[in-house]
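Working notes for the structure below.
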Amino acid sequence: MRSGSDDERMGRLLEDLKARIRSITPQFSFLLDVTRKLPGAEGGMDRRELHAVARGLERVWQIMRLLKLLSEYFGDRLFFGGDSILNYVYMINYAEPPRLTFDLDSAWHRRVTSKRVLIGEMLKFNMWLSEEGLTLDLPITPERTMKIFVIEYDREKDHFPTLLSLRMPVITRYDGRPFYEFLGMRNHNLITRLRGVFEEMMGVRNPRIDYIRLEVSLDPGEMPREEVMLKDAFGFEAKAWITELGYQLASKITHKVARDFGPDLRYNLHDVLKAALDLRLLGHVDGESVRMYVGSMDLHVTRHNLASLLSPGARKIWKDNYHYTLVRKRYSLEELVGHVNALMEEIGR
22 MRSGSDDERM
32 GRLLEDLKAR
42 IRSITPQFSF
52 LLDVTRKLPG
62 AEGGMDRREL
72 HAVARGLERV
82 WQIMRLLKLL
92 SEYFGDRLFF
102 GGDSILNYVY
112 MINYAEPPRL
122 TFDLDSAWHR
132 RVTSKRVLIG
142 EMLKFNMWLS
152 EEGLTLDLPI
162 TPERTMKIFV
172 IEYDREKDHF
182 PTLLSLRMPV
192 ITRYDGRPFY
202 EFLGMRNHNL
212 ITRLRGVFEE
222 MMGVRNPRID
232 YIRLEVSLDP
242 GEMPREEVML
252 KDAFGFEAKA
262 WITELGYQLA
272 SKITHKVARD
282 FGPDLRYNLH
292 DVLKAALDLR
302 LLGHVDGESV
312 RMYVGSMDLH
322 VTRHNLASLL
332 SPGARKIWKD
342 NYHYTLVRKR
352 YSLEELVGHV
362 NALMEEIGR
């Protein structure tokens, strides 16, 4: 039999949980409003499309929140680049429809030879998050809790010697594993009480716990970086260090769109498609800022790779993947390929 003090403690935990959820998760109505205002949505979306994109944006919201917190804590010791920066900052700022992507790429400010150095830094970051009330303690039993919204080492994904794979468990409405399964809960009374809290605060009885993923390069090399004020579609603002846009676009060209895949091209169509979507940004930058990092480029290979995006296999990826909903609302695949091809011809001159 539980004592009155146990009930009081659980009551306090659940009230604290309500307050934390309110500040650490977005309202779904807010996500729907953001979706309707994104570039590409101006022509309207049906209910299925609207909700699919809004569901994806719940994870994006958490990615951009993490970017803001990492920038606030680490300052110029950690800098960012990659698909999330290109799509959720630059695309939106240039009124281009973003594609949905769910990883955050970063690099440490100096070369380190051991991943333990960065894991130690992330443990300090977790302590700061906890002290600032930016984590969530979920009751597993009346006596035990599990902390989420902290950085973890991602053993499943960590395969490369100079790249550290990390993850952060977050609570979402629709993606991931049911909360009680993730937490290994067996106390049905506690599960019921938590369901009441979640339904009140999130609008769903059985939210899920999913991972957002962060990669940190241990060797930044000569990547050029700059400090900018980032503002995204959610209203997050952060002074952050990022890899220069021209360098990021040059990397997309060198490693994807202008790469000679030979007979393996059909296995790389999705990567080429994603890179081509991101290279729409070439129309918004000084070509010389990209050209200086590309070096030599065979335009015959580039044309061949882009033309392959009109193949049946690539068309299926383009048509079936909800990540590209907003882009499809503005461009046909033929328009996209033609547009990027023209931009690449300019770079290759």
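For the sequence shown, my numbering assigns the number 22 to the initial residue and increments by one for each residue that follows.
Glycine residues also receive a C-beta, built at the ideal position from the N, C-alpha and C atoms.
Around the CB of L144, fewer than 16 other CB atoms lie within 10 Å, so the residue is classed as exposed. I368 is positioned such that its CB atom lies closer than 8 Å to that of V315. Note that the C-beta distance between R234 and D175 is below 8 Å.
DSSP places K350 within a helical segment (H, G or I) once states are collapsed to three. With contacts defined as CB atoms closer than 8 Å, N289 and R324 fail to qualify as a contacting pair. Contact holds between the region 155-171 and the region 208-222, because three or more Cβ pairs, one in each stretch, are under 8 Å apart. The three-state reading of DSSP puts R301 in helix, counting H, G and I together. Nearest in C-alpha terms to R43, of all of I140, F219, D126, L204, is F219.
For T323, the secondary structure class from DSSP, reduced to helix, strand or coil, is helix. When the Cα atoms are used, E356 and G334 turn out to be separated by approximately 18 Å.
Under a 10 Å Cβ-count criterion, M365 is classified as buried, with 16 or more other Cβ atoms of the shown protein chains found around its own Cβ. Cβ-Cβ separation between V225 and A279: approximately 45 Å, too far for a contact (criterion under 8 Å). Shown here, K260 sits in a strand according to DSSP, grouped into three states. Looking only at P199, V348, V311, the smallest Cα-Cα distance to Y232 is reached by P199. In this structure, the beta-carbon distance from E79 to P118 does not fall below 8 Å.
For S332, the secondary structure class from DSSP, reduced to helix, strand or coil, is coil.
Ranked by Cα distance from A116, the options L139, I274, P60 are led by P60. If you compare the alpha carbons of L354, E258, D158, S151 with that of A297, the shortest gap goes to L354.
When secondary structure is reduced to three states using DSSP, A128 falls in the strand class.
Under the DSSP definition of a beta bridge, V237 partners with S127, L185. Put simply, the region 132-143 touches the region 181-200. At least three CB pairs are less than 8 Å apart.
Burial check for W129: the Cβ neighbour count within 10 Å reaches 16 or more, so the residue is buried. Pairing K350 with M66 gives a Cβ-Cβ distance under 8 Å.
Residues D126 of the same chain have their beta carbon placed closer than 6 Å to that of G103, with the five preceding and five following residues left out of the count. When C-alpha distances from M318 are compared across N227, L286, I140, S272, the shortest belongs to S272. In the three-state DSSP reduction, V225 falls in the coil class, being neither helix nor strand. R280 sits in coil when the DSSP states are folded into three classes, being neither helix nor strand. For E243 and A254, the gap between their C-alpha atoms comes out near 30 Å. For R370, the three-state secondary structure derived from DSSP is coil. In the three-state reduction of the DSSP assignment, K58 falls in the helix class.
Classified as exposed, W149 has fewer than 16 neighbouring CB atoms from the shown chains inside 10 Å of its CB.
According to DSSP, residue pairing for E247 in a beta bridge involves I263.
Annotation: the region 48-124 contains the following complete segments of the alpha helix (DSSP H) (minimum length 4 residues), in chain order: 49-58, 68-95. In the DSSP assignment, I169 falls within the unbroken beta strand (DSSP E) covering 166-169. For R33 and R86, the gap between their C-alpha atoms comes out near 26 Å.
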